[in-house]
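Enquirer: Residue numbers (this note's numbering): -4 to 70.
Even glycine gets a Cβ: it sits at the ideal position worked out from N, Cα and C.
My structure is below; once you've seen it, I'll send some questions.
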Amino acid sequence: MKVSLSWLKDYVNIDVDVAKLADSLTMAGLEVDDLVDRYAYLDNVVVGRILEVMPHPHSDTLFVCRVELGNEIRS
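See below:
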């Protein structure tokens, strides 16, 4: 069974790190197979805002966008 840390915190006050919690659960007789960070895949995600959409100069089916990425603008 998979249990999220946030769900567990709804029922129990947890003030130790995840590795220590997993060790404590194992010592209590509960098997912990794996610890997974559900948000690790978001480390390289960048959020931008499209400022302008223009037709591509060499294609009728493509577009070029100007995008704001924080303090940087890219095309």
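(1) Helix, strand or coil: which one does DSSP assign to M22?
(2) Which two residues bound the contiguous beta strand (DSSP E) that contains L0?
(3) So who's on the other strand from I45, going by DSSP bridges?
(4) Based on Cα-Cα distance, which residue from L30, E67, V59, V48 lies nearest to D12?
(5) By alpha-carbon positions, which one of M49, G43, P52, D32 ends up nearest to L64?
Expert: Taking the coordinates as given:
(1) Along the sequence shown, read from residue 1 onward, the residue named residue 22 stands at position 27. Assigned with DSSP and collapsed to three states, M22 falls in helix.
(2) Within the sequence shown, numbered from 1, the residue matching residue 0 stands at position 5. In the DSSP assignment, L0 falls outside any beta strand (DSSP E) and within the unbroken alpha helix (DSSP H) covering 0 to 6.
(3) As a working mapping, residue 45 is identified with position 50 in the sequence shown. Beta-bridge pairing by DSSP links I45 to V62.
(4) Your numbering for residue 12 matches position 17 in the sequence shown. Of L30, E67, V59, V48, the residue nearest in Cα terms is L30.
(5) Here residue 64 refers to the residue found at position 69 of the sequence shown. Measuring from the Cα of L64, the nearest candidate turns out to be G43.
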